[in-house]
Amino acid sequence: QVVLDLDETLVSAYESSGLPPIVRTQAVEAGLHCFDMECISTDKDVEGKQKVNHVTVFERPGLHEFLQKTSEFADLILFTAGLEGYARPLVDIIDAHNRFKLRLYRPSTVTTEYREHVKDLSCLSKDFSRIVIVDNNPFSFIVQPLNGIPCVPFSAGQHSDDQVTDNGHQSFNGSGPLICTCSLIFFVLFFS
Numbered sequence: 001q002v003v004l005d006l007d008e009t010l011v012s013a014y015e016s017s018g019l020p021p022i023v024r025t026q027a028v029e030a031g032l033h034c035f036d037m038e039c040i041s042t043d044k045d046v047e048g049k050q051k052v053n054h055v056t057v058f059e060r061p062g063l064h065e066f067l068q069k070t071s072e073f074a075d076l077i078l079f080t081a082g083l084e085g086y087a088r089p090l091v092d093i094i095d096a097h098n099r100f101k102l103r104l105y106r107p108s109t110v111t112t113e114y115r116e117h118v119k120d121l122s123c124l125s126k127d128f129s130r131i132v133i134v135d136n137n138p139f140s141f142i143v144q145p146l147n148g149i150p151c152v153p154f155s156a157g158q159h160s161d162d163q164v165t166d167n168g169h170q171s172f173n174g175s176g177p178l179i180c181t182c183s184l185i186f187f188v189l190f191f192s
C-alpha cells in the first residue's frame, strides 16, 4: 500500500480570495495545472447555513502520471488531515479514474504527545512491512517513522517541482524520485 498525503504533497490549495493574481498568472504561464472549486466549510453563516469556500487548487507537476504509474504496483490510499468537506470534492476532481482504494480524512488521524493530526498507519494494516506513507510533513508519520517517505512541500510558487517527474520535465516516464523510491521499497518488501 502507498498512502499519500494531499495538501503540499499532491496539490497546493489556496483560498481564492486571498490568492494574489500574479501567483496564479505566473504558475499557469509556467505550466502548472490549476482549477477552482467550491467546498463546504465547517463554519456557518449568520442564517445558520454552512458556508461555502472558494478554493484555487494547483496540481503538482506529474500528479496524474504518478497516480497512474504507482497504482500499477500498489494500492493507493489517500490520508489527509484535511476536512472531508474540502478534501472529498478536491480528490473527486484529481482522481477521476478512482485510483484511490480508500480515502481517510481528519477524523482518522490521532493526537500524540508531540502533535495533532498524526497519521497512524495501524488503522490500515498491522503489517508495516508492506505499507509506506508519502507526506511533506514528517510529523505526520511520527508513529511509524520507518514507513515514511518525506517529500518536498509543493506550492504554486514552485514552477520547476520535480518530485514526481523525471528531472523536472513535464513528460513523465516513471523515473521521478518518488516513483523510484516507492518502486525500490516495494521491490525489497515483496521480493526479498
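Following UniProt numbering, the numbering of the sequence shown begins with 1 at its first residue and continues without gaps. Where is the CB? At the ideal position from N, CA and C, for every residue including glycine.
Based on the DSSP output, what are the partners of Ser12 in its beta bridges?
Phe58
Which word fits Gln163, buried or exposed, when buried means at least 16 other C-beta atoms lie within 10 angstroms of its C-beta?
buried
Between the Cα of residue 194 and the Cα atoms of Ile22, Lys119, Ala27 and Glu65, which residue gives the shortest distance?
Nothing can be reported for residue 194, as the shown portion of the chain is limited to 1 through 192.
Compare the Cα-Cα distances from Leu102 to each of Val110, Asp92 and Thr111 and report the closest residue.
Asp92
Give the single residue among Phe100, Asp7, Leu19 and Pro21 whose Cα lies nearest to the Cα of Gln68.
Phe100
Expected contact under 8 Å - CB spacing of Pro138 and Pro150 to nearest Å
5 Å
For Leu10 versus Arg60, is the C-beta spacing smaller than 8 Å?
yes
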